[in-house]
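With the sequence shown counted from 1, adding 4 to any position gets you the numbering used here.
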Amino acid sequence: MDAIVTAGGRITGRFAQKAGTSIKALINLGGKTVIEILLSALRKTPDISKIIVIGPISELEASGACTLADKIVPEGENGAENFLIGLKICAQADRVLFAASDMPFIYSDVINHFIAMCPDTADLCYPIINAGVFAETYPKHNVRSVKLKNGDFIGGCIFLINPKVLLANQDIVENVFRSRKSIIKLAGLLGVRFLLGIITHNISIEDCERRASSIFACTCKAVIERHPEIAFDLDKPQDYEYAIARLIEQTK
5 MDAIVTAGGR ITGRFAQKAG TSIKALINLG GKTVIEILLS ALRKTPDISK IIVIGPISEL
65 EASGACTLAD KIVPEGENGA ENFLIGLKIC AQADRVLFAA SDMPFIYSDV INHFIAMCPD
125 TADLCYPIIN AGVFAETYPK HNVRSVKLKN GDFIGGCIFL INPKVLLANQ DIVENVFRSR
185 KSIIKLAGLL GVRFLLGIIT HNISIEDCER RASSIFACTC KAVIERHPEI AFDLDKPQDY
245 EYAIARLIEQ TK
């Protein structure tokens, strides 16, 4: 299958100043950019054939960080557009792997395991990691988790997707991206009762799967992963600082 790497994320302010770049994918850790770390992991994953990066072409090419990618495609105006660009590139495929470009600890065994865990019958597979498992590997690093009936979980940074099914529901995909940061819009999309269930921790993984399947008109599956590396990304300055400190500790 092909892999789509979304590399359009930007950082600003103190974060960008510390990292020495405004492009998240080009954050350097231990002599390698985070996108190089991901591309190396993908290239070592047997199920992955072609790797396509969506992002700022001139900056990515100038950095030399994407030599392991087969192609770099110009980014769109926002995350939703980049996601749809990726879906359209792989429109004829049965499955495609989408990956964020800012996972500093990702490696091929993690990706292999996730792919193996995804059922063939699912159109959209999303990894979730028990918050306790994450904390064991990354102690004292605070990340946002969702408390469900089954436990506390953290979302991953990789998806396995049937592009044909989601392209058939393109308007819904765009609506989900537009709604994700607004409680009011999310209530309209998910339904007030479901949203209240999340807030009161009265929703299970299975409830989430059914609701997502209803929204996207396809079969959605949450895959409980054992590898927390799939959920560690560089969204905030403290993520970057933690990653740097951990790398320093590992080299002692």
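Ideal Cβ positions, reconstructed from N, Cα and C, are used throughout, including at glycine.
Nothing here was measured: the structure is a model prediction, and the numbers come from that model.
**OP:** Compare the Cα-Cα distances from T125 to each of V77, Q242, C222, V150 and report the closest residue.
**Re:** C222
Original post:
Short check: CB of A226 to CB of Y111, under 8 Å?
Top reply: no
Subject >> D6, DSSP secondary structure in three states >> reply: strand
**OP:** For N150, I'd like the list of residues in its chain whose CB is within less than 6 Å of its CB, leaving aside the five on either flank, ordered along the chain.
**Re:** It is Val, not Asn, that sits at residue 150 in the sequence shown. Correct list, in chain order: F157.
Original post:
How would you label H205, buried or exposed, when you count the other beta carbons within 10 angstroms and need 16 or more for buried?
Top reply: exposed
Original post:
Among all the DSSP beta bridges, which residues are the ones paired with P167?
Top reply: None; P167 has no bridge partner.
**OP:** Would you grab the beta carbon distance between A235 and I119 for me? Rounded to a whole angstrom, and I think it's under 8 Å.
**Re:** With 8 Å as the limit, A235 and I119 do not qualify as a contact, their Cβ atoms being about 16 Å apart.
**OP:** Jot down the residue ranges of each uninterrupted beta strand (DSSP E) in the region 103-165, minimum 3 residues, whole runs only, in chain order.
**Re:** 128-134, 150-152, 155-159, 162-165
**OP:** Round the Cβ separation of V100 and D175 to the nearest angstrom and send it over; I've been treating them as touching at under 8 Å.
**Re:** Not really, about 20 Å apart at Cβ, beyond 8 Å.
Subject >> Same chain, Cβ closer than 8 Å to T37, five either side skipped, listed in chain order >> reply: A29, L30, I31, S67, A69
**OP:** Report the rounded CA-to-CA distance for D127 versus I165, giving the unit in angstroms.
**Re:** 6 Å
Original post:
Less than 8 Å separating the beta-carbons of M107 and D243?
Top reply: no
Original post:
Secondary structure at N173, three-state DSSP: helix, strand or coil?
Top reply: coil
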